[in-house]
Amino acid sequence: MSDDSDPTAPATDDLFQELVAREREIGAMPVGLDRFRAMNALIDEARMAVRMVDGRVNQMSQERNVVRDELTFVKRHRGRIQALRTLLAGSYRHPDLALANFDGFALNHEAAKLRVMMKDPERLGMLRGGAFLGLVKNEQRKQALDNYERQVKKALENLLGDHRAYLHSMARNWEGQMEELNAKIAHESDQKTALSAFVKELQEQARVDAKLLQRTDLTGLQPAEKRVLDWLCGAHEPAPDAAPVAEK
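Read left to right, the sequence shown gives residues 1 to 248 (UniProt numbering).
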């Protein structure tokens with residue numbers, strides 16, 4: 001059986017079908033020591049399969065937590081951008097262009113440099129209103145500058161540290177990844193449930209086979225196999241691991 005972290009481990013569906021096929025082969029064997037040992041080996045493999053699938057579910061659950069954190073970050077940052085867009089409309093003639101310029105600056109400059117750049121409101125675009133010779137400002141320009149100083153700069157400051165990471169994160173389809181992981185986890189969890197039930201079915205069949213063993217079969221059992229036999233025939237201790245197959 002492959003290790004939980006082995007990337008070459010078989011798909012759960014294929015693994016389950018392989019175990020079922022093995023069960024059919026064992027079921028065609030005559031009742032006796034060889035069949036008893038083969039069934040024990042199959043039970044052990046089925047248990048290992050349950051553990052492997054459980055490991056896959058745990059790993060995917062951890063991946064889902066990472067994706068969930070990214071989605072939370074993206075949604076929170078997107079809300080801040082929408083608020084910034086509203087504020088930009090109070091200062092710029094073309095707020096969408098101002099926001100696009102901010103994106104470009106964030107991709108090309110570190111946050112410390114951006115803070116210096118954003119001290120100049122004209123960095124992002126054309127301000128509303130006008131100014132004669134750049135000195136005498138009309139009322140609309142004064143309001144645009146006041147809005148920038150009181151609100152836009154603060155909104156920009158809240159975005160500066162994370163905006164580049166957000167823009168890079170937007171290139172990833174986090175929603176699609178979340179849907180895919182949810183579907184995979186649900187499928188693997190169902191397979192784990194089915195495999196666990198399969199183990200119980202195998203144990204019941206092994207219990208029937210154990211009660212049909214002949215006295216001559218019992219004399220050939222190893223100590224570990226005897227413990228398995230005792231458990232199958234009525235002992236109440238936890239189920240032991242399947243006994244190893246004796247060398248011939």
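Glycine included, each C-beta is placed from N, C-alpha and C at the ideal position. For clarity, every value in this text was computed on a predicted model and none was experimentally measured.
Asked: For the region 163 to 173 against the region 105 to 113, are there 3 or more C-beta pairs whose distance is under 8 angstroms?; Found: yes
Asked: Quick check: the region 41 to 55 against the region 190 to 204, are at least 3 beta-carbon pairs closer than 8 angstroms?; Found: yes
Asked: Under a three-way DSSP split, which group does C233 fall into?; Found: coil
Asked: Would you mind reading off the limits of the alpha helix (DSSP H) that contains Q140?; Found: 139 to 147
Asked: In chain order, which alpha helix (DSSP H) runs of at least 4 residues are fully inside the region 138 to 208?; Found: 139 to 147, 153 to 169
Asked: Leaving out the 5 sequence neighbours to the left and right, which residues in its chain are closer than 6 angstroms to A144 when beta-carbon positions are compared?; Found: S91, L127, R128, G129
Asked: Check L213 in the structure and name its three-state DSSP category.; Found: coil
Asked: With D103 and L156 assumed to form a contact (beta carbons below 8 angstroms), what rounded beta-carbon distance in angstroms separates them?; Found: Contact doesn't hold; Cβ gap of about 12 angstroms is too wide.
Asked: Taking 6 angstroms as the limit between beta carbons, can you name the residues of its chain near A98, skipping five residues before and five after?; Found: L88, Y92, L124, G125
Asked: Whose C-beta lies closer than 8 angstroms to the C-beta of D217 among residues of the same chain, with five residues either side of it excluded?; Found: G32, L33, F36
Asked: Mind checking Q203: buried by the 16 CB within 10 Å criterion, or exposed?; Found: buried
Asked: May I ask you to report which of helix, strand or coil DSSP gives L124?; Found: coil
Asked: Rounded to whole angstroms, what is the Cα-Cα separation between Q205 and L213?; Found: 13 angstroms
Asked: At the level of alpha carbons, what is the spacing between G234 and R76?; Found: 59 angstroms
Asked: For L42, report the span of its alpha helix (DSSP H) as first-last.; Found: 33 to 88
Asked: Could you name the residues of the same chain whose beta carbon sits closer than 8 angstroms to that of R141, not counting the 5 residues immediately before and after it, in chain order?; Found: L127, R128, G129, G130, A131
Asked: Hey, could you find the ends of the alpha helix (DSSP H) G104 is sitting in?; Found: 95 to 108
Asked: How about the region 77 to 87 and the region 111 to 122: do they share at least three Cβ pairs that are nearer than 8 angstroms?; Found: no
Asked: Cβ of V67 within 8 angstroms of Cβ of L181?; Found: yes
Asked: Using beta-carbon positions only, say whether R22 and L42 come within less than 8 angstroms of one another.; Found: yes
Asked: Using 10 angstroms around the beta-carbon of E225, count the other beta-carbons present and answer buried if the total reaches 16, otherwise exposed.; Found: buried
Asked: With a CB to CB cut of under 6 angstroms and the five nearest residues on each side skipped, what residues in its chain are close to L71?; Found: W174
Asked: Run the CB neighbour count on V152, radius 10 Å, all protein chains shown included, and call it buried at 16 or more, exposed below.; Found: buried
Asked: Taking the beta carbon of D209 as the centre, do at least 16 other beta carbons fall within 10 Å, making it buried, or is it exposed?; Found: buried
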